[in-house]
Structure formats: structure tokens, C-alpha cells
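A.B. asks:
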Amino acid sequence: MGNNSSQSLGDQLKPFIAPFRFDGSGKFHLKSHKTDEKGGLDKEKSETILEANRKRLSDFQEKLYAQDRWSLLLIFQGMDASGKDSAIKSVFEGVNPQGCEVYSFKQPTSHELDHDFMWRTTIALPERGRIGIFNRSYYEECLVTRVHPEILAKEKIPPVLITKHIWRERFEDISAFERYLARNGTVILKFFLNLSKEEQRERFLERLDEPAKNWKFSMGDIAERALWPRYQAVYQDIVRHTSTALAPWYVVPADHRWFARVVIGSVIVSALDKLDLKFPRADKASLQEFKQVRKALLGEGKD
């Protein structure tokens, strides 16, 4: 990546963002997106970009928190072993944890099922000035429940409302909800970590070979793997129907963890750069008060 000072940050990072962004305009076919893309980089070059993005993210996060106007919502979706956890950990290394919260949404509890399907994620939305990270999200209720209709049948939804139109209705509700959030100052970035079935197999074998990773594996993972074509079709449908200019999807090539992190970090940093974040300037009253505070501090111990 060039160091030309006349080149904006957005222009520098564009090669790692634009090819993977889908905002709903045009057609989308998941199979046309390569899972092993490297963006012309090798691992060493990617680490340089990743480290630069970490520093930028740390700086932007501090200003975001101080300004207390915008909030940032990051949504991560992907098949098992696609690298969601490790990507979050790597990209946000060094970021102040006070301004950043991660939520991992598993199978809904009985209490959560007593509410609408977006309730549990809605109460976890980031406050102004903060970054909220959803490791899986409300999109699970358009994904797992669609692949496994028996799960939807067991949820506490009035049967009359479970029609053949439920998925289209949920897409509409999600898009309306995300538009509402965006209009109220929440920047939404959605990442689908696009992993190949072959790479998932290799990562599952890694988990079996490393005792420290055995806890991540279960036979349920193999059962879900058998439904791979169905999951891919549903993910394609999700991206097609919920991508908008205000809440685009980024289809991140995930076979190479290091490149996935370059894409994710670049998207986040570029989005924050566009907000023109600045530290708040003190007003005249505050400046006058600061003078009195300084005077009091300097006067300590002189009596």
C-alpha cells in the first residue's frame, strides 16, 4: 500500500473494500465470489496493513467515544470455523475495551423466545460513542431456522403467522430496522466470512489435532456440514435481500485468515474515517473553569 500523503485513506484502502461490498444494486451470486482471494498481497504485506489499521482504529475509537454522537454496529456471520472469533480478536487488538463490546448470540433461551426475534439483539445495541460487535446476530433467525424449519415450529410464534412469506417479511423487517438505526446515527457494517467447504474441512481437522482446540468441535458441526449447499443458498438469499446502501454486506474471502482481517479492518477504518471524527472543543465557560482548576492546583501546598 502506497504512502502517498496526497492519497486519501479511503483511496488507499479501496482495493481491499470495493470488490467485496454489495449494497443491493445489481445482481448477487455467491459462487462468483472467490473464497481464496488474496488481493495481490502476501502474508507479510498483509501484516503491515493490518497493523496500520489497528493504530488507525484505536485513534478513531477514542474520538468516536469522546465525540459521543455516532455508534458503530459490526455484524459477523459465517459458517463454523470461518474465523469470526479470531478476526474480531485480531482486528481489535489494542483497542480500548471500554468503548467496545462483543456479543455472541447462541441458541435463544426460553426467556428470549418470549419476545420478538430481534429483541435480544436490540437490547445489546451499542450506545452513542461505542462500537458493538455481534458475533452472529438476528440474521440467525433467517438462517438456522430456515435450514431447520423444525426449530421455527418450536418457537413461540402464533402458527397463523408462520406462512410461506415469513422469510420475505423478516428481510423487510430487518432492512427497515437497519434503516431506522442508520437514520439515528448507527453505522452498520455486515461481514459474511465466505469460507470454502474444503478449508472448513482442514480447520476441523486442525481442531481435532490440537488438544487446546478440541473444545471447539462437536459432532453437530459435521451434521451441519452435510447441509452446506442449503446454508450457502440461504446466505445468498440473505445478502441479496438485506443489502442496502445504508447497511451493505461485505462478502469477505475467508480461506486465508490474514487477508480476511485486512478486508475487515480496512472496511471499519474507512467507514470511521468518513465520519470526520474530532475531539470535542471546550466552550468558553469550560475554559474559564479550567483556569480556576489550574489556579487551585498550582496553589496547593503554598499556604
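Numbering-wise (the UniProt record's numbering), the sequence shown opens with residue 1 and increments by one.
Note that CB positions come from ideal geometry on N, CA and C, so glycine has one too.
1. Comparing the CB of E44 with every heavy atom of the ligand ZN, is any distance shorter than 7 angstroms?
2. Under the assumption that residue 307 contacts F177 (Cβ atoms under 8 angstroms), give the Cβ distance between them as a whole number of angstroms.
3. Does the Cβ of E127 have 16 or more other Cβ atoms within 10 Å, making it buried, or fewer, making it exposed?
4. Contact defined as beta carbons within less than 8 angstroms: I believe V252 pairs with F92. What is the distance between those atoms, to the nearest angstrom?
5. Grouping DSSP H, G and I as helix and E and B as strand, with all else coil, what is V293?
6. List the endpoints of the continuous alpha helix (DSSP H) containing Y250.
7. Which whole-angstrom value describes the C-beta separation of A271 and L193, a residue pair presumed to lie in contact below a C-beta threshold of 8 angstroms?
8. Using the beta-carbon count (16 or more within 10 Å), is P248 buried or exposed?
9. Over the uninterrupted alpha helix (DSSP H) stretch that includes V144, give me the two end residues.
10. Can you grab the Cα-Cα spacing for the pair G2 / D80, in whole Å?
11. Reducing DSSP to helix, strand and coil, say where L193 ends up.
12. Starting from F259, follow the alpha helix (DSSP H) in both directions and report where the run begins and ends.
13. Buried or exposed: W70, going by 16 or more other Cβ atoms within 10 Å of its Cβ?
14. Do A245 and D11 have their CB atoms nearer than 8 angstroms?
C.D. replies: For this structure:
1. Of the ligands one can find in the structure shown there are none, so the ligand ZN has no counterpart to examine.
2. Outside the modelled stretch of the chain, which goes from 1 to 303, sits residue 307, for which no answer is possible.
3. With a 10 Å radius around the Cβ and a threshold of 16 neighbouring Cβ atoms, E127 comes out exposed.
4. Contact flag wrong, Cβ pair sits at about 16 angstroms.
5. Three-state DSSP puts V293 in a helix.
6. Careful: Y250 lies outside any alpha helix (DSSP H), inside the beta strand (DSSP E) at 249-253.
7. At roughly 18 angstroms, the Cβ-Cβ gap does not stay under 8 angstroms, so A271 and L193 are not in contact.
8. Buried is the call here.
9. Per DSSP, V144 belongs to the alpha helix (DSSP H) from 144-147.
10. For G2, the pLDDT reaches just 47, beneath the cut-off of 50, and the residue's location in the model is therefore unreliable, although a value from the coordinates is still provided. Linking G2 to D80 through their CA atoms gives a straight-line distance of about 35 angstroms.
11. Three-state DSSP puts L193 in a strand.
12. Per DSSP, the unbroken alpha helix (DSSP H) holding F259 starts and ends at 257-273.
13. By the 16-neighbour rule on beta-carbons within 10 angstroms, W70 is buried.
14. No, they are not a contact pair.
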